[in-house]
Amino acid sequence: MAKQYGGIRELRPDTDTYNDWGGSSVQAAADFPRNCLGRADRSFSQGLQCQQINSVMALLSMEDAAFVVHSPLGCAGCCSMANDWFRVGQLHRGSFALRNARILVTNLDQRDVILGGEAKLRRALRLAWERYSPKLIFVFTSCASGIIGDDVDAVSAEVNEEFPETLIVPIHCEGFKSKVCASGYDAAFIAITKYILKDEQRGDTIPGLLNLFAPPTVSYVDQLEIERILGEIGITCNYIPFYSSPDKIRKIPRAQASTAICKVFADEFMKELERLYGIPYSHTIMPIGSRNTDRWLLGVAKIMGKEEEARAYIARERAAIEPLVECLRRRLEGKTVFITGGTGRTFAAGALADDFGMKLIGMQTPTYDKEIQEDVEQLNSLHGDFVLDVANMMPFEQVNLLKKLKPDVFIGVPIWAARLGLPSTHVLDIKRPTLGYRNLVYLGQKIAAQIENPGYNKNISRYATLPYKESWYVDDPFKFIRREGKK
Ligand code: SF4
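Everything in the sequence shown is counted per my numbering, starting at -12 for the first residue and increasing by one.
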């Protein structure tokens, strides 16, 4: 019997997952299939993104829901960022009376760590119900609640009996369980399957309906572009879970097929939907750049029986944007680029650089696994060898590499690159366009504008310094990555 996925990416049976590696991309592509990449760990680490915030962000915009974070106060620090995204999303969707997400934190302290935090959790759940009477209350666990062994499921079930019209959904996203932050998305989907979909049947399939799973980092304008592209070939979308609702989730089993916008989002959930309901899915690459948008769309078209329509549409769309892309190519040809971001975006954006004739020279990405192998091979064939840093965050390695490689432009979250005075833009922007054919033009214009007008970051670099000694910049960026069996 197939083993059910438990939500920890490192423990998936069908692939090794690496998050501590650095070196040549060609070497990585050669070594991974032979199991020679080398299990490693960092002897110095600057802190990882925790999976809990990904669970929170995936669900925060759910209609008629409240959220209880069962943790010390600090764990909920990133909720303010998630709330900002939620507010921006409301604005972009036409709302002018913006509201905050309904988040409560149990504020576990030293006393609770010794005596247990279940009483605080009960109180917070009741408070969430008294204040908001929501249809759903999501409860997020933390390292502290996991270590002290609070029985979050039992407390949730017990309190749920007091107000049965609300559904309380515990999500097991303790940060210590995984170094791969995408595990947090998996934890959210496992809870959706267990608590919201549990009694749902396949029912009558709705022809032409596609489950479109999208991470919260996808902007509304990107959502519209992807829905427009799919609409051109007669596909309608059940867009999940951002700005979603329990009704839309219950509709999931009736879709003809599933896909995700990001390669490391909902992939395990789609396998589960296939197992439970027989829903086929397409899992290719994020639609950034024309090459990857083609690949993504053809993957969807194949399982939806729309390949002919898709090929005709791609030819039309490519012809329409080609003059604009050609213009951008003249401005960007030969420029070197360093890319960083989430795993799905980074590899997809690497191929985007080729649309404009740019050369990829370095990349920092959180994970390397079987799914990524074909993307690395694609990038090696497009750009040749480049420096690959497999790291969940680790800005000290990033700045070391940037100082050495000196790219013409940096694509990614630019906090550190800007302090080095490098022109920068990013593809992880919930406020602006990134995906699909038309947004490719927007992205290219942004990259070109940054290279041609670098003054802002140059000024930042004059006044905002980085905390590293000069000696670090000449050192080996990967000196703290210790392979098993090596000192
Ligand atoms: S859940 Fe754990 S890893 Fe995540 S923020 Fe809290 S203490 Fe840190």
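Glycine included, C-beta positions come from ideal geometry on N, C-alpha and C.
Requested in this report: Determine the DSSP secondary structure at K426, reduced to helix, strand or coil.
Outcome: On the sequence shown, position 439 is the one that residue 426 refers to. Correcting the residue identity first, residue 426 is Asn in this sequence and not Lys. Helix.
Query raised in the report: Which of the three DSSP states, helix, strand or coil, is assigned to A302?
Result: On the sequence shown, position 315 is the one that residue 302 refers to. In the structure shown, A302 falls within a helical segment according to DSSP collapsed to helix, strand and coil.
Query raised in the report: Count the other CB atoms within 10 Å of the CB of G329; is the residue buried (16 or more) or exposed (fewer)?
Result: Within the sequence shown, the letter at position 342 stands for residue 329. That one is buried.
Query - CA-to-CA distance, R113 to K289, given in whole angstroms - result: As a working mapping, residue 289 is identified with position 302 in the sequence shown. As a working mapping, residue 113 is identified with position 126 in the sequence shown. Roughly 48 Å separates the two Cα atoms.
Query raised in the report: Exposed or buried, which one is Q188 when buried takes at least 16 other CB atoms within 10 Å?
Result: Within the sequence shown, the letter at position 201 stands for residue 188. Residue environment for Q188: exposed (fewer than 16 other C-beta atoms within 10 angstroms of its C-beta).
**Report entry** Neighbourhood of R29 by C-beta distance below 6 Å, restricted to the same chain and skipping five residues each side
**Finding:** Residue 29 sits at position 42 when you count from the first residue of the sequence shown. Correct list, in chain order: D7, F467, I468.
Query raised in the report: Looking only at its own chain, which residues have a Cβ that is under 6 Å from the Cβ of E296, when we skip the five neighbours before and after it?
Result: On the sequence shown, position 309 is the one that residue 296 refers to. Taken in chain order, the residues that qualify are I220.
Requested in this report: Return the chain-ordered ranges of every beta strand (DSSP E) run that is complete within the stretch 360 to 409 and spans a minimum of 3 residues.
Outcome: For the stretch 360 to 409, whole beta strand (DSSP E) runs of length 3 or above, ordered along the chain, are 374 to 377, 396 to 398.
Query raised in the report: So is the beta-carbon of E161 under 7 Å away from any non-hydrogen atom of the ligand SF4?
Result: By 1-based counting over the sequence shown, the position of residue 161 is 174. The beta carbon of E161 sits closer than 7 Å to at least one heavy atom of the ligand SF4.
Requested in this report: Identify which residue in L211, G10, Q(-9), V156 has its Cα closest to the Cα of L388.
Outcome: Start at 1 with the first residue of the sequence shown, and residue 388 comes out as number 401. Among L211, G10, Q(-9), V156, the Cα nearest to that of L388 belongs to G10.
Query - Same chain only: Cβ atoms within 6 Å of R86, ignoring 5 sequence neighbours per side - result: In the sequence shown, the residue the question calls residue 86 occupies position 99. Here R86 has no same chain residue with a Cβ atom under 6 Å from its own Cβ, once five neighbours each way along the sequence are excluded.
Query - For R262, three-class secondary structure by DSSP - result: What you label residue 262 is simply residue 275 of the sequence shown in a count that begins at 1. Residue state, collapsed to three classes: helix.
Query raised in the report: Roughly how many whole angstroms lie between the Cα atoms of L91 and N225?
Result: Locating residue 91 in the sequence shown gives position 104, counting from the first residue. Locating residue 225 in the sequence shown gives position 238, counting from the first residue. L91 and N225: Cα-Cα distance of roughly 29 Å.
**Report entry** Close Cβ partners of V461 (< 7 Å) along its chain, the five nearest in sequence each way excluded
**Finding:** For the purposes of this step, residue 461 is taken as residue 474 along the sequence shown, with counting starting at 1. Closer than 7 Å at Cβ, skipping near neighbours: no residue.
**Report entry** Euclidean distance between Cα positions of L(-2) and I447
**Finding:** Position 11 of the sequence shown, counted from the first residue, corresponds to residue -2. Position 460 of the sequence shown, counted from the first residue, corresponds to residue 447. Cα to Cα, the separation comes out at about 42 Å.
Query - For C168 and T4, the rounded distance between their alpha carbons - result: The residue labelled residue 4 in the question sits at position 17 within the sequence shown. The residue labelled residue 168 in the question sits at position 181 within the sequence shown. Whole-angstrom Cα-Cα distance: 12 Å.
**Report entry** Selected residue, minimal CA-CA separation from P274, among W403, R425, L311, G195
**Finding:** Working through the sequence shown from its first residue, we reach residue 274 at position 287. Ranking W403, R425, L311, G195 by CA distance to the CA of P274 puts R425 first.
Query raised in the report: To the nearest whole angstrom, what separates the beta carbons of S269 and A244, a pair I think is in contact under 8 Å?
Result: Here residue 269 refers to the residue found at position 282 when the sequence shown is read from its first residue. Here residue 244 refers to the residue found at position 257 when the sequence shown is read from its first residue. Rounded, the Cβ-Cβ distance is 7 Å, consistent with contact.
Query raised in the report: From what residue to what residue does the alpha helix (DSSP H) around A336 run?
Result: Locating residue 336 in the sequence shown gives position 349, counting from the first residue. Per DSSP, the unbroken alpha helix (DSSP H) holding A336 starts and ends at 330 to 342.
Query raised in the report: When you compare only the Cα positions, how much space is there between R406 and K322?
Result: Mapped onto the sequence shown, residue 406 falls at position 419. Mapped onto the sequence shown, residue 322 falls at position 335. A straight line joining the alpha-carbon of R406 with that of K322 spans about 20 Å.
Query - Neighbourhood of N475 by C-beta, 6 Å cutoff - its chain only, sequence neighbours within 5 removed - result: Since the first residue shown for the chain is -12 and the last is 474, residue 475 is missing from the structure and cannot be characterised.
Query raised in the report: Enumerated in chain order, which unbroken segments of the beta strand (DSSP E) with a length of 3 residues or greater are wholly contained in the stretch 214 to 300?
Result: Every unbroken stretch of the beta strand (DSSP E) spanning 3 or more residues and falling wholly within the stretch 214 to 300 is given here in chain order: 223 to 228, 242 to 247.
Requested in this report: Let me know if F31 comes out buried or exposed under the rule of 16 or more other beta-carbons within 10 Å of its beta-carbon.
Outcome: Within the sequence shown, numbered from 1, the residue matching residue 31 stands at position 44. So F31 ends up on the exposed side.
**Report entry** 6 Å CB neighbourhood of L339 in its chain, flanking five on each side removed
**Finding:** Position 352 of the sequence shown, counted from the first residue, corresponds to residue 339. Around L339: I275, G276.
**Report entry** L184 and I239 closer than 8 Å at C-beta
**Finding:** Working through the sequence shown from its first residue, we reach residue 184 at position 197. Working through the sequence shown from its first residue, we reach residue 239 at position 252. In terms of Cβ geometry, L184 and I239 form a close pair [threshold 8 Å].
Requested in this report: Look at the Cβ atom of R262, then the Cβ atom of G190, and state whether they are nearer than 8 Å.
Outcome: On the sequence shown, residue 262 is found 275 positions in, with the first residue counted as 1. On the sequence shown, residue 190 is found 203 positions in, with the first residue counted as 1. It is not a contact, given that the beta carbons lie outside the stated cut-off.
Query raised in the report: Are F256 and F325 closer than 8 Å when you measure CB to CB?
Result: For the purposes of this step, residue 256 is taken as residue 269 along the sequence shown, with counting starting at 1. For the purposes of this step, residue 325 is taken as residue 338 along the sequence shown, with counting starting at 1. No, the Cβ-Cβ distance between F256 and F325 is not below 8 Å.
Report task. Could I get the ranges of all uninterrupted alpha helix (DSSP H) runs contained in the stretch 157 to 181, with 4 residues as the minimum, in chain order? Result -> Segments of the alpha helix (DSSP H) lying fully in the stretch 157 to 181: 170 to 178.
Report task. Since I believe L392 is in contact with G349 (beta carbons under 8 Å), could you give me their beta-carbon distance rounded to a whole number of angstroms? Result -> Locating residue 349 in the sequence shown gives position 362, counting from the first residue. Locating residue 392 in the sequence shown gives position 405, counting from the first residue. At roughly 5 Å, the Cβ-Cβ gap stays under 8 Å, so G349 and L392 are in contact.
Query raised in the report: What's the C-alpha gap between L95 and C62?
Result: The residue given as residue 95 occupies position 108 in the sequence shown. The residue given as residue 62 occupies position 75 in the sequence shown. L95 and C62 have their C-alpha atoms some 10 Å from each other.
Query raised in the report: Using the rule of at least 16 other Cβ atoms within 10 Å of the residue's Cβ for burial, across every protein chain shown, is L197 buried or exposed?
Result: In the sequence shown, residue 197 corresponds to position 210, counting from 1. By the neighbour-count definition (other C-beta atoms within 10 Å, threshold 16), L197 is a buried residue.
**Report entry** Limits of the alpha helix (DSSP H) - the one that F73 falls within
**Finding:** Taking the first residue of the sequence shown as position 1, residue 73 is located at position 86. Bounds of the alpha helix (DSSP H) holding F73 are 66 to 79.
Query raised in the report: Taking 7 Å as the cut-off, does the CB of C66 come closer than this to any heavy atom belonging to the ligand SF4?
Result: In the sequence shown, residue 66 corresponds to position 79, counting from 1. The answer is no for C66.
Query raised in the report: How should P20 be labelled, buried or exposed, when 16 other C-beta atoms within 10 angstroms of its C-beta is the threshold for buried?
Result: Taking the sequence shown and counting its residues from 1, one reaches residue 20 at position 33. By the 10 Å Cβ count, P20 comes out exposed.
Query raised in the report: So what does Y355 bridge to, in DSSP terms?
Result: Working through the sequence shown from its first residue, we reach residue 355 at position 368. Paired residues: Y5.
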